[in-house]
Each structure stands twice: as C-alpha cells, then as structure tokens.
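4 protein chains.
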Amino acid sequence: MNYKELLNSKNFNLVGAVSGGLDSCTITSWLHDKGFNLKCITVDLGQPDEDNIESISKRMKDCGASEAIIISGLEKLALFGLKVIQSQSKYEGGYWNTTGIARPVTIACMLDEFDSFNSSYLFHGATGRGNDQIRFELATKMLNPNINVYAPWRDEFFLQDFPGRTEMIEYCELRNLPIKSKSDSRYSTDANLLGLTHEAGDLENIELSPYDFVNPGMGVWPWDAKEKEELISISWKNGTPTHINGDEYNLVEIFTLLNKIGGEHGIGIGIHAIENRFLGIKSRGIYESPSMEILGETYEFLLQLVLDRRLRDYFSNISTTISKQIYDGFWFDTTTSVALNGLSKISNMISGTIILRLYKGKVYFERIENLNEINYSLYTDDSSMENLGEFNHVDSQGFVNILGLNAKNLGLKQKLSDPEN
Amino acid sequence: MNYKELLNSKNFNLVGAVSGGLDSCTITSWLHDKGFNLKCITVDLGQPDEDNIESISKRMKDCGASEAIIISGLEKLALFGLKVIQSQSKYEGGYWNTTGIARPVTIACMLDEFDSFNSSYLFHGATGRGNDQIRFELATKMLNPNINVYAPWRDEFFLQDFPGRTEMIEYCELRNLPIKSKSDSRYSTDANLLGLTHEAGDLENIELSPYDFVNPGMGVWPWDAKEKEELISISWKNGTPTHINGDEYNLVEIFTLLNKIGGEHGIGIGIHAIENRFLGIKSRGIYESPSMEILGETYEFLLQLVLDRRLRDYFSNISTTISKQIYDGFWFDTTTSVALNGLSKISNMISGTIILRLYKGKVYFERIENLNEINYSLYTDDSSMENLGEFNHVDSQGFVNILGLNAKNLGLKQKLSDPEN
Amino acid sequence: MNYKELLNSKNFNLVGAVSGGLDSCTITSWLHDKGFNLKCITVDLGQPDEDNIESISKRMKDCGASEAIIISGLEKLALFGLKVIQSQSKYEGGYWNTTGIARPVTIACMLDEFDSFNSSYLFHGATGRGNDQIRFELATKMLNPNINVYAPWRDEFFLQDFPGRTEMIEYCELRNLPIKSKSDSRYSTDANLLGLTHEAGDLENIELSPYDFVNPGMGVWPWDAKEKEELISISWKNGTPTHINGDEYNLVEIFTLLNKIGGEHGIGIGIHAIENRFLGIKSRGIYESPSMEILGETYEFLLQLVLDRRLRDYFSNISTTISKQIYDGFWFDTTTSVALNGLSKISNMISGTIILRLYKGKVYFERIENLNEINYSLYTDDSSMENLGEFNHVDSQGFVNILGLNAKNLGLKQKLSDPEN
Amino acid sequence: MNYKELLNSKNFNLVGAVSGGLDSCTITSWLHDKGFNLKCITVDLGQPDEDNIESISKRMKDCGASEAIIISGLEKLALFGLKVIQSQSKYEGGYWNTTGIARPVTIACMLDEFDSFNSSYLFHGATGRGNDQIRFELATKMLNPNINVYAPWRDEFFLQDFPGRTEMIEYCELRNLPIKSKSDSRYSTDANLLGLTHEAGDLENIELSPYDFVNPGMGVWPWDAKEKEELISISWKNGTPTHINGDEYNLVEIFTLLNKIGGEHGIGIGIHAIENRFLGIKSRGIYESPSMEILGETYEFLLQLVLDRRLRDYFSNISTTISKQIYDGFWFDTTTSVALNGLSKISNMISGTIILRLYKGKVYFERIENLNEINYSLYTDDSSMENLGEFNHVDSQGFVNILGLNAKNLGLKQKLSDPEN
C-alpha cells in the first residue's frame, strides 16, 4: 500500500504511533507534505532512554501534526508484564520478550483516538523486515477490525525518498525539523519499563564480542556490578507481587524499583540470543530486563512449591504457547486470551515471601519465609511428611515391583539393538 | 522382599553395587552374617569426593565380600552425559540431573559380572523413599530381565536392625569394620564426574539459607570465585566437543578440565531446585555441574544457529521427554532409545567454535569463530541475506495483509469480553 | 492392608461402594462375619444392565449390612460426561473412557455418608490389577484426605478365602445369600449411563474375534443395525446440548435418548482398543457409547467452525492431558480442575444446530443450520469473505515469497543427505 | 511477479507442472502467446479420474508447448503415503491429507528436467488462495534453491485476462485448443493414487448436504456399499505392508488393491472436515481415501501392541508435528526429515498380520494372527503374564499407597473451591 492509494480513497486523516525519534519526524513531515491531516500519539511506556516524553508532542507538531498527544501506557504495560511472568513465557526458552509485550499496549492505548479524528487509518514507523509491523497489524485488526494500517516503510515512494538514515537526516535538517542530535549508534535499541533490546548494526556480526561496543541501558554488565551481594525479599499474593523488603508498592513501582536494584547488580543485563523472527530469518539481540528477571525467578521458586509433576507439565505447555503468541504479535488473539485464562487458577495459588540473593548478574534463592503460612504449597519436609502418614518401605517395594513388571516386559520384548542408544 | 525369602529361594549368591561408605560396609557385613556369598562391585564414576577408589575393594573384603572389584564407568558416563547435553534435558527445566544419569551407568557396567558368580540377584544401598531405587530397578530389568533386585533398605528385618545412622556406626565399630571416619554432615551428597547433588538433612528446611552450611564440592560459590573473567573457546564437531582453547581432548578429559575451569568461576555451582520426585513428594537439592553447564550453554548457542522455529519446537518436545525419562530411571527404556535416535540428525548438524566468557557463576556468549565455515547454520547477517535475494518490502505488505485477514476475522467474530484477558 | 489391621485399629465401621453383584454380596457378608459394622452405598449411574436398582439395598442388608442406601449419581455423571465431550478426551486417542468417568462420581456421591456412620474407612470391590482401585483411592484422598480405603481384593486373607469366582458362588450359596443367578459370562462388563466396557475372560485372547461371543449391551452391532439412515438434529448452546430434533431436554435425558437412537444404528458400538493400563500392562476392551459418540462428533463439527490453527493446537494439548488424567483417576486433581477451567472459554463459544446422518455405526455431518446466527464461527464462504476485504493475489505472492526466503535458506544450508528422508 | 518481469529478466524458458485440464491448456497457450518457450511436465500420480494420461502430452503440444512429457511419480507417492501412515498424521486429527502429500512428489519428480531445458523457472496452475501454491514453492526452494516459481494465478495480467472459468473456456474454444469437454461440476476435485479431495463451489455452502450432489470418485457412499461385510488380512513387516489375504504385493499394488476393496465398502469415503488453511481461512472438504484408511487403521492396531504409554506420548507428539508439516508443504523441510527419522525405530518394530472386517464405511479389528510370533509386542494375556512373575496384590497396595501420598497432600493443600471443576 502506498500513500497515493490512501489519498485516492479519501483517507486524509491518519493517526500515528510515534516515538519522537528521527523516523517519527521524517514520516510525520513527509506525510504532512503529501497532504495528510495527522494526529500523532506517543504512548508513554517508561522508555528509560527518553528524558522528557512531554516534549515529543511539541516536536511532532513542529513536524506538521495537527494534533499530538501523550497517553500513559505504563499501568497496562506493567499488567501485561505481570501476565508474562505468570506464564513464565520467555521466547525460545531464553529471554523476556519485552519489546513484543509493548507493541500491543501501544495499540490498545491508541484505539479510542480514531473516531474523534474521523480516521480509520493508523500509521507506524516499523520496518518491513521485523516483527513489530506484524504486532502492530494484528493488535489493530483484532481490537478494531475497521481500522487499517499504513506503514511508510512498506510504501515504495517513501522508500525511494529514503533509502537510508542519511537521507532522513538531510531531509530533517533541510526542513529544520526538531530531531534530537544523537551520536551515531553502532546498533539500535528499543526500551520500555519492562526491558530493553539491542540489535541490528554491528550486532549483526556475531564474530564480534558485543560487550566491546554495547552500552547497557538499564544497569551495568555483571563484571561492572557491585562487589557485594545484596539480599532482598519479595512478597507475592495470589500471583501478584505486593511488597519489596516489606514495603508495599503498586505494580509500576515494583518494576521501577527492581530495575534499579537489579540493574546495579547486572541482573538480566546481557542476555544473548540468536532468535528466529516471525518472517523466518534469524537475528541476534542483547537483552536487558532486571525487573522481569528478578520477578520471574521468584515466581519460578514459588511455582516449585505448588506445581506437582502433572501441573508442571500443563503449565509448561501453556507457557510455551503463550511465549510464541506474544512474540508473534497475537496478544489479543483468542488463543492468548484462552491460554491466559487457562493459567489463572495457578496464578491464584502463588503467594509467599522469598528472600533472594543478588550477585553479579544472577539471582539466587536464599530462603523462604513462613513456609507453613503458604497455602497450596505441597512441599513437605521430614516433619510435615508425618501428616501424610508413615512412608512405608513395603509400599516402596510394591511400587517398584509394579514398575518392574513393565520394565521386565520391555527387557524381554523390546531390547533394541544398541543399549547405549 | 526380605532376606529370608532370598535364602528360602536358594539365592545365596548376591552381587552388590557398593560405594564403599558406611551403608556399603554395614549392608555387606550384615548380609555376610546372614549367610550370603557376596560379590561387591564399585563402578568408578570419577567421584570427586573419593580419593582412593581402589581401596574400596579391600574394605569390602574386610566386611565379608568374597569378591570385590572396581569397574571403570567413566567413559560410559561421559558418553551418557554428552547425550544429555545434546538433548538439553534439564530436569523440570532447571538443572542437570547428574545423579539420575549415573545410576544406569552403574547397572550397565555390572551386568556382565553375574553369570560367573552364578547369581541372579543384585543388591544396592538406595533407600525406599528416593528415586535411585527406581533407577536401579528399571535399568536392571530392562537390560537383563532375569536379574532381580534386593534392597536391604526395603527389608523389614534390616530396617529393624538399623533404624538410623547411629546403629550402623555402632554395628561397624563393634565389628571393627573399616568405615571411613567422617565428620557428621548436615546433609548428604552424591557425586560423579558430571556433577554433584546435595540434599536431605538440614537442606530439607527451606527457611534456612543453604549457603550458610553447604560446602561446594566441585568449585566455589560464585561470590567466592575469581575476580577476573576468563575467555575460553570450545569446539564441537557433529555434536561432540573436541577442543578446548584449541587443544584436542577426549570426552572424559573435557568433562574433567571444564569442571576445573568452571568450578573456579563458580559456574553451575549452587543451582537450587525444589523438585518433584518420582514418588510424588517434593525435595530440595543444591546442584553443582560446572562442565555440564559450560557444555550445555555452548551447545544451546550452536543450536540457535541451526534450529529454525519448526525444528526448535520439535527439539524442545523431545528434550522435555528425555529429561523426564532420565529422571525417572528410564534410560534403557524403548522410549529413550527412540527419542535419542530422534535427535541424532540434529546433533550431527552441530559444529563450530564458540568463545565464552566465564564470570562469577555464569557463562556468557562472547563470539563465534569462522561463522562461514559452519555448515547447517541458518544465521544470515545483512550481507549474507543477499544470497537469499532482496527482501522486498512489498512482500512484507502481502505477508502482513494475509495475516491480517485471519486477525480481522477474529476481531469481527471472536472478540472475547475482556481484551486484557 | 488386611482386615485384622482394621480391627486392631478399632475401625469397625466401614462404608462400602457396592454394585449389588456377586462381589458385593461376598465382600459384605465376609466383612460382616469378621465383625465389621457395614453401610453399603450403591450409586445409581443408570447402569443399563441393572433392572431394579432399588432391590440392591435389600440384598445388601440380607448380606449383613446394617445400612444400605441408593444415591443417585446420574446428574453428576451426565455433567462429567459433558466435560469429557467438551474436552474431546478419548483415551489414547481411541475411545470414550466411560468407566473412568464413573468412578470419581461414585466417590463424590458417597463422601457425605461417612460422618453420620462414624466411619473413616471406605471399602470397594475393585481388583488389585486394574485401574479402578486407583481411581477410587485417588478420588477419595483428594476429596477427603481423612478417609482411607480398604480393598478386600488386596487383603491376603480375603484372597486366601476366595482364589476365584467359584469359591465366591459356593460361599454365597452356602449362606443362602441373594446373588442374582447369572449365566457364566465369557467376559466382564461395566456399564453406566454414558457407556459400557467389556473386557477380561475370553476377550484377553486377541486371536479370537470378539464379535463371535460378545453381546452388545447398549444397541446392536453395526451389521445388525437398521437398514435405513436417520437424520437427527442436535442443538448446542454455550457448550451444552439443549435440543434433539427441536425438542428441549435436560442432560440426563439427552444421554438417555441418544443412547437409544444411536444404539439402534450401532453408533459407538464395538469400538476396539488394546490399551495401556496405569499399572503398565496392556488390556483389550470392547467399548459401547452411542450418546458420547454422537455428542462428541457433533461437538467436533462445531469446534471446526470456531477453532483456528492456534486454538486447535492449544485445545488438542489440553485434551490429551485431560484424557490421561481421567483414565488415571485424577478427576479431582488440581491439574484436571485447572485444565478444565482452561477450556471453559472455548466451550462457551460452542453453539449451533447440526444435522447428522446416522448409519450403520457411523455419524456423518449432513449440514448446519443458520450458520450466520452462530457467534464465534470463523467459517467464511466466498460471499462472507468479502467482509474481510478482497483476497489480493499480490498479497499471496508476498506471503509465498517471504516463506520462500526461509525455504531457500534451508535448501542452501541444510539439505540433508536423503531428500526422501 | 508478472510475466513481463520474467521476459525482462530474459527468462524465456519455463518448465511447467501441468495436469492437462482447462487451466493447463489456458496457461500454456497464454504463455506461449506471450513469447515463452515451454516444457510441460505431467507427473503420473495415478489420478483415478484420468483415463489416458499419455494423451496429455499431445494436448500440451497442441497448446504450444515445445516439449511435453509424462513422468511416473507413483512409486514415490506410494512411499510418501506409507510414511504418512507410519506417522499416523491425519490433518487436524481428522483426515488423510492426500493432496498435500502429492504436491512435493510432483516437484521432486520434475527437478531433473530444468538443466537440459536451460530453465530456472517453474510455473504451475495453483491459485493464489489455496495451500498448493505454498507446497509447490516450498518443495522447489528446499530441493533446489536456484529454481524460482512463477504462478500465473498471481500475475495481474493473467488475472485481468481470465477473471473466471467462462473466459478460459472462451479463450480455448476460440483457439480450438483440445480441452476435454466436461460437464460443469458443482465443486472441484483433486485425486491421486492415495486419495481424493472435493472442495469449493457449492461445497462452500455448509448449509447444504454434500451427499445430495457430490459423486464419490474412489468407491461408493457407505449407504450404497455392499450389504455383506468382508474379512481381509493384511500383513506388515518392519513397518511396511507386504501381503493382502496372504498374497504378496508391492506398495503401489497394495494401495491400488485396497482402494478397490475398500471403495466398494465405502471405507474412507465421505470424510468431512472444515479445515484451517495455511493462509488462515477455513475451507470445507469431502475426502476419500480407502487404502489410506484401511492401512492406517491396521497400523494403529499394531501400534497398540508395541507402544507403551511413554512411547505412545512420544509418537503422538511427532505425529502431530508431521501432520502439520505436510499440510503446510514442508515435506522436504529439515524438521520433517528429522521427525520421520525420529519415528524410524518405531516403524521398524511394526510387524504382524491382522484380520479386518470391512463394513459400510468402517474398518473393524477382527483378530490378530500368531500373536506369539510378533516381536516387540508388549501385549500379555493372562497366561503370558506368568512370564513377568506373579502379579502380587500386596504390590498393588504399595503402589496405590504411594500414589495416595501425593493425592492426600493435594487433598490437604490444594482442594480448589469447586470439586466439579
């Protein structure tokens, strides 16, 4: 789809998701030049690299937007982050996919703004090669099937005008647009309250050590972290973290505080993955997410008290499903909704206070507080075993004998050729 | 089953799996007293806590064994360890289950020794409450269905004689048996070349910090580790590690060397888990496995080059299966054999040299060497993307549009009540 | 556990689950003789082979029970049956496990009857080799951990007295107990409202054709069925069947009516499976379940309208889980409860009227009524596709091109040796 | 991609996959008119609706092809069909996806024919809305990444010339092209040796009964089938069917013969499914596959002898994977290759002779022959149980007691609010 088709179909009013950077300025100005009437929306997701989010509106207006507003997405983002922790859904088993969580939040925060602007077209600055364009598209269509998406980075005319970053800078400087002067980075970064992703540029070369040229944004590398370990306590109630070191906080505060505490210890800083993108190509990223890492580990420790083997299997299956759904942009998909509901009874069983040791990039289980006050915990030490009745060694013999029947049958009938497999 | 039934059925010749500790001495002597003819076998698994494994034979003879031998299981154990790494099968997603790997090795090494001793009964010193009794039973029955297992710790008469550790010590001292004087430990430890497990005793109390009273056996706690990070290179060829820092080693040497290197950095030391035992109760353990951790992480980095999304899914499914199989003692089960074969084509694709950074308990991906020489790697940086043809942004539009059809349909038909799930 | 231990522990009051057959009479009388005070409970599950369930109470009293009552479990059984259909959980992919569903119903119906009888012991007549003993045990312990289970068929003394069926008949005849004269069957049958299972006896010989000697209990073999096909319509609302041929019925009536209609067409009669029992041995069974088969197929047809690929995957995973849980007796397990909840949002989307063709043992989809009134249906014929926007063939080209990138990469890098696999 | 781009890039030589129907004639003639040099290949897949496949070459030449040949794909198709049976991979659990199997066979048979024609472009007649375009694309790219695919049905110019079927007929009649006169069908059919698919046209209306207007192509509807049941025996050796009723046949003969025998009984005729296409829309199809259905059911009966619970789980997982892979066109994908290899040890265990009863659309297990000669079978009737040792009822008690510990713990700690879930 190109801008001419939009004009031809009389869709002059566009609502854009903008971050305020070079892309936003260029796209807004270019579309304004082409004759569109623009409303620019910036959703505040606690971007740690953005010092003054309010200034974005002014910049966007300077670029030609007739309206420009900031909407806070922090609470929604924190809530989505919590659901990701409750489902322990790391992408490809490896990292907290904090960028993937943020995209649907942005869309969800914007959708009320279309009617008053008499618009049914959303534009965004995501490229045609990444996952984000898909996440924007799917979230929009699932939440409001009547809104369409226009992506300049997939418009042949825009691409002709801007083959690269240099042309965008020239374009903006020529028009005296308020782009922030920013030293050329060797890679690109996306950040929000939950975490941060570095990728592209020199990071594409996996024969280079990333630690030589990447600067952590949410803390320090583990080797630069505090020398001394730190103990903190985190309390959960029915699946939600409520207290840190005994003090009560709301969810946004908890993410904020744990980013600070964890970042200083290098927790969750420098997670490395070569991932499979939705479009079938691989990319390498460096991830940072101190708060997600700390909360996620704590949640796992609590899960270990509550899940028996059968429930662990069930949980893992759904966790894998949700992880893929979120990465692929299916947050508002029926399947995600159903799957999250499928975990709600488990989350509701997760309560307790855990003391953690933070040290040089890692979270260690130190101890649990007041185990006997934790409902739903199946953990039984020797003393509590007595409640279950004596563990009879004759019963074990019976148990082992019954298992042995199947084993003997296999030994007699199916001994495959190579015992070492 | 009790010893009287054995005597009644004229099974006088027993072959035992013994480690040489207090249990081994007590059981051997007690069975000898009851009139059995005993052959004691110690399988050398590189127990790091055993300084002189050869001395065990003499001690067992002093306890009444008519024969006592040492059999090396090191190569088999290393091979089994490699298969576990190739399948990335950590138990309940959390730790390398090195004890579970070792049990079937012990049995496999012993089974040739029964005929010459005219025996069809194996005895062992595993308790009636743990997983090991099951692992011994299943491995035995699957490899040789004609051999039966007798476990004194499930024999009511033995249990009457030895209600606890104190009675065993008294029994041995009274008979002047060669038990090693060993200061009372607050927990018990099982160790082999691949790793080490601490559990039971005071470790059952999860309100206590384990770091206050557990002593690492294969290295140091991360907070006691070297101050300086270390870079090492590990090379793999067709699924097998072959070189460390450019020098070629066999598998046993590789595990040994990486235990030393990794242990000094606290790698894999202090992994904590509350696990679900086979018998349905939970137990807490502290795990150490420097070499498994280093090799496992390296293997995962290489997998990320080779597995696309579909193959990653396949791999993860089988990995989960194998992990459970091994934990439960089903190493020689048809399913394990079939599942390992189901991964062999993948292992065969894993080659390459990775440089790792070891620091304070963690392994970091530093860089890869000679990416373009790595067959089967699907990773494409920007330059190599050109081989695949231009990534057309119009194609992305088409891709997104097609996905959007399904999304729009869902948005129209299945918008469930709560978008936040 | 044997009866002497019960007496020694002063547990004189026992509550039994009895069916009224030979086993029930023998066990009740034998326990009465040993000095126990007995309350016999028969849960009415709509056993199609039981003509007069009320007469059982009298018989049980004649056998020595001090109390004997009938409790209706029909509504609960129908509800459980519905949940099984909603989860499409056939055991090992093959058959409706109607016996496995019934056991926990029996226990759930009985548990209120213990306190008033001052009893904490339940007895049942299930053997020591089957699944039912496990189902009874688990349901009891999960619903009321304070109640214990005593199984005469695992009591060495009872087994000594009754090595076989013959001894039971002799025992009852000698005492003039009211056993129903029943011609010797070549196999055993368990039946309830939902379905029927034949197994054991001559059925163990799988070299014999079962159709030569098994008599269907809920209808006729397909080859004996009506010559003419029959069309019926079944309507569902939010996951529950409500109407047959336009007439409204409650759940028990629906199962009853569909058993009759389906049985005459041989629907679900003669399903054959060699299954893996919980205890690790295989057994062969012949299954009948007309109503489950008809409702299950209808539900699947409706699911096909609602589930997209992602939700189908999710559904299948949970379905497999629930199937195993129920077979193994874990109906009241946390995992089953959580998993059923994990499907509830899907069931709630299932509504609509389907016309089926019943013919000679099979259910055929004939047509659907008023498709456009079915909420949540994602099915779009050519006309309704227009609502989604034109299906652009250029988009397909883009979609295919993007997929082709990954394919080409695989072709270049991972062509394994044998293209035929 | 349109034909002008092809001409501009000097790709004048095209190799086409043609079936000889209206589409083939139109496309070939149109491309010839545009100036291309064409080689038309028809892969013989045993299309039951094609009486004289040899005549296609002449017709294609009449339409302008400079070369036109027939290549037999029967043996490869039969082999692929067997692998599908060995993996029991029905699509979405419902039907044998015989069209999906055939597409990669066609490509694999053609790829040797490009070099001699100096061509690197393949064309095909699949539409831009279905799965087949994807299957052709993926098979081509995976087997030979240097060959590209051109699809006229995604070429805007071709689409302009031929908005519908009428224009194609006019075009061909005007040029006197040898299209087969074919009465207008109310739906379209794709057929090969393994099976047949009816879809589109009036079949899109699921409020219509398909039995009123669809004509079976491989046999008869069950209600039109023979009145009398038929017994047949099928023998398998190491995963391959070798004999029918005691006579040895090769694989192509077996599929052919079973299609005939089964078709007369309506076996596998009329399978109905509303499926999820790769592109995210749903479509309704009617399927026929007598031979696949008979062989598939027999294989499942044999699997039931060999797979224990653990191996059944493993098998089911891989089966699901392969089913999706094939449907989506990933036959030559690394994952399919690896997954099929992951089943090879299981297939190798499947041997034996089973007697089936065929009756009115269904296959019934009648009996097995010479069970004791079947290696790897784990089935044990009462007599063979003795080989495993007495099944001790005290062991059952122990087994049940151990399970009860976990159950009691759950009952004490996790009784969720609603026991009925």
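Protein chains in written order, with the numbering used here: chain X, 1 to 421; chain C, 422 to 842; chain V, 843 to 1263; chain D, 1264 to 1684.
Heads up, the beta-carbon is just placed ideally off N, CA and C, and yes, glycines get one too.
- Secondary structure of T801(C) (DSSP, three-state): coil.
- Contacts between N392(X) and chain D, judged by CB atoms closer than 7 Å, involve N1664 in chain order.
- For W30(X), the enclosing alpha helix (DSSP H) covers residues 22-34.
- Three or more Cβ pairs drawn from the region 1014-1028 of chain V and the region 900-915 of chain V lie within less than 8 Å of each other, which places the two stretches in contact.
- When 8 Å is used as the limit between beta carbons, E1492(D) is near these residues of chain V: W1065, in chain order.
- Listed along the chain, the chain C residues whose CB falls inside 7 Å of the CB of N276(X) are D729, R730, R733.
- Residue contact check for D974(V) against chain D: no CB pair falls below 7 Å.
- Just so you know, the alpha carbons of I490(C) and S656(C) end up roughly 37 Å apart.
- The beta carbon of D816(C) sits closer than 7 Å to some beta carbon of chain V.
- Below the 8 Å Cβ cutoff, chain V contributes K1255 as neighbours of S798(C), in chain order.
- For V926(V), the closest of E917(V), E934(V), N939(V) by C-alpha to C-alpha distance is N939(V).
- Residues of the region 1083-1115 of chain V with a Cβ closer than 8 Å to any Cβ of chain D, in chain order: G1112, H1114, A1115.
- Judged by DSSP secondary structure, N409(X) falls within the alpha helix (DSSP H) whose first and last residues are 393-413.
- Here DSSP, grouped into helix, strand and coil, assigns A151(X) to coil.
- Counting along the chain, A200(X) sits inside no beta strand (DSSP E), nor does DSSP assign it H or E at all.
- By the Cβ-count criterion, G1336(D) is buried, with 16 or more other Cβ atoms from all chains shown falling within 10 Å of its own Cβ.
- Check the Cα spacing between K415(X) and each of E1317(D), N1664(D), L1641(D): the tightest is with L1641(D).
- Shown here for E199(X): same chain residues with a beta carbon closer than 7 Å to its own, the five before and five after excluded, namely Y187, S188, S283, R284, G285 in chain order.
- Contact with chain C is absent for F157(X), since none of that chain's Cβ atoms lies less than 7 Å from the residue's Cβ.
- As DSSP reads the structure, Y708(C) sits in a beta bridge with T618(C), I692(C).
- In the same chain as L726(C), and ignoring 5 residues on each side of it, the C-beta atoms closer than 6 Å to its own belong to S798, Y800, in chain order.
- Contiguous alpha helix (DSSP H) elements confined to the region 914-938 of chain V occur at 916-928, taking only those with 4 or more residues.
- Per DSSP, P946(V) is one residue of the alpha helix (DSSP H) stretching across 940-952.
- Selection P643(C), E588(C), N423(C) evaluated against I688(C) yields P643(C) as nearest (Cα-Cα).
- Within chain V, the C-beta atoms nearer than 7 Å to that of N827(C) come from D1150, in chain order.
- Of all alpha-carbon atoms in G888(V), L849(V), C882(V), the one lying nearest the alpha-carbon of V1094(V) is that of G888(V).
- Cα atoms of F80(X) and N131(X): separation of roughly 18 Å, rounded to the nearest angstrom.
- Bounds of any beta strand (DSSP E) do not take in G263(X); it lies within the alpha helix (DSSP H) bounded by 251-264.
- Restricted to the region 330-364 of chain X, the alpha helix (DSSP H) segments that are unbroken, complete and at least 4 residues in length are 334-347, listed in chain order.
- Those residues of the region 280-298 of chain X placed with their C-beta closer than 7 Å to a C-beta in chain V are G280, I281, ordered along the chain.
- Looking at the DSSP output, A1033(V) bridges to L1038(V).
- Contact annotation: N1265(D) and F1476(D) have beta-carbon atoms that are not nearer than 7 Å.
- Interface annotation, G1171(V): not in contact with chain C, CB-CB separation never under 7 Å.
- Within chain V, no C-beta atom comes less than 8 Å from the C-beta of G660(C); the nearest is roughly 14 Å away.
- Not flagged as an interface residue toward chain X: M531(C), since no C-beta distance is shorter than 7 Å.
- Taking all protein chains in view, the Cβ of D224(X) is surrounded by fewer than 16 other Cβ atoms within 10 Å, so the residue is classified as exposed.
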